[in-house]
Amino acid sequence: MPKSKCDKKVSLTGTAMKGLKLKQNLIEELWKCVDTYEYLFIFSVAIVRNSKLKDIGTPGSTARCSLAKTRDENKDSLHHVSKRLRGKVGLLFTNRTEEEVNEWFTKYTEMDYPRAGNKVAFAVSLDSGSLEQFPHSMEPRLMQLALPTALKRGVVTLLSDYEQARVLKRFGYEMAEFKVTIKYIWESQSGRFQQMGDDLPEGASESAEESDSEDHD
């Protein structure tokens, strides 16, 4: 699905807000999007990469906020959206259909460099010896990554075996998969809020969960 100026994406990450004014501006932007676009999708990401999020649509400010409260809700079912804004999730405002958005994100995946805590496809170990792929000017940067390196006759040399996630980027290993999963859809005209892949309306799903909870009490 190519980029479209008709789409508006607001990503919600753990980045701290910088002042009340920024929060107010973000909330105002969200309400404008609610009034402008036909569909709102809640998506989740396993690993957060702002650069990757910019590739899939118009970049938005990073924040965590409550989109709507029951007492000031101006469109049906928006309180369901605010309850799902937890963790590594984002909002995609668009006029594209549910089928178009779902098809695009089902196929969309990008490889990236792993960071601490990411699962990787295979183990990488660095054996001691010369690292001729690096110029001598890189040796201080490798030392900053805690690699036991030294310059021997102008060649960067690893003095002992080493393993660490951050250094994989320097060696060009892209093993972390960046993938977006569409979780929920909200439709402006009808007020429909539904989990993707679930034929039941959101209210019915919640009622069933509440009944199960009461049975266990």
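If you read the sequence shown in the working numbering, its first letter stands for residue 297, the second for the next number, and so on. Cβ coordinates follow ideal geometry from the N, Cα and C atoms, glycine included. These numbers come from a predicted model, not from an experiment.
Under 8 Å between C-beta atoms of residue i and residue j
{"i": "Glu-394", "j": "Tyr-335", "result": "yes"}
{"i": "Phe-337", "j": "Val-397", "result": "yes"}
{"i": "Lys-475", "j": "Met-492", "result": "no"}
{"i": "Val-377", "j": "Phe-489", "result": "yes"}
Residue i burial status per 10 Å Cβ neighbour count (16 or more: buried)
{"i": "Gln-485", "result": "exposed"}
{"i": "Lys-328", "result": "exposed"}
{"i": "Arg-392", "result": "buried"}
{"i": "Thr-332", "result": "exposed"}
{"i": "Leu-387", "result": "buried"}
{"i": "Leu-318", "result": "exposed"}
{"i": "Leu-447", "result": "exposed"}
{"i": "Leu-374", "result": "buried"}
{"i": "Leu-322", "result": "buried"}
{"i": "Leu-316", "result": "exposed"}
{"i": "Ala-359", "result": "Reliability fails at Ala-359, whose pLDDT of 29 lies under 50, so the model's placement of it is uncertain and the value that follows must be treated cautiously. Looking at its Cβ environment, which holds 16 or more other Cβ atoms inside 10 Å, Ala-359 is buried."}
Limits of the unbroken alpha helix (DSSP H) element including residue i
{"i": "Ser-378", "result": "374-379"}
{"i": "Gln-320", "result": "316-332"}
Which listed residue (the options) has its alpha carbon closest to that of residue i
{"i": "Phe-401", "options": "Thr-477, Ser-426 and His-375", "result": "Thr-477"}
{"i": "Gly-487", "options": "Gln-320, Glu-435 and Val-330", "result": "Val-330"}
{"i": "Leu-326", "options": "Phe-389, Ile-481, Ser-433 and Glu-483", "result": "Phe-389"}
{"i": "Ser-426", "options": "Val-451, Lys-403 and Met-434", "result": "Val-451"}
Residue range of the unbroken beta strand (DSSP E) whose run includes residue i
{"i": "Thr-390", "result": "385-390"}
{"i": "Gln-490", "result": "489-491"}
Separation of residue j from residue i, as counted between CA atoms
{"i": "Lys-380", "j": "Phe-339", "result": "Just to set this straight, residue 380 is Arg in the shown sequence, not Lys. The straight-line gap from Cα to Cα measures roughly 10 Å."}
{"i": "Thr-453", "j": "Pro-436", "result": "12 Å"}
{"i": "Ser-433", "j": "Arg-449", "result": "13 Å"}
{"i": "Glu-324", "j": "Pro-431", "result": "50 Å"}
{"i": "Gln-320", "j": "Trp-482", "result": "23 Å"}
{"i": "Gly-383", "j": "Lys-403", "result": "23 Å"}
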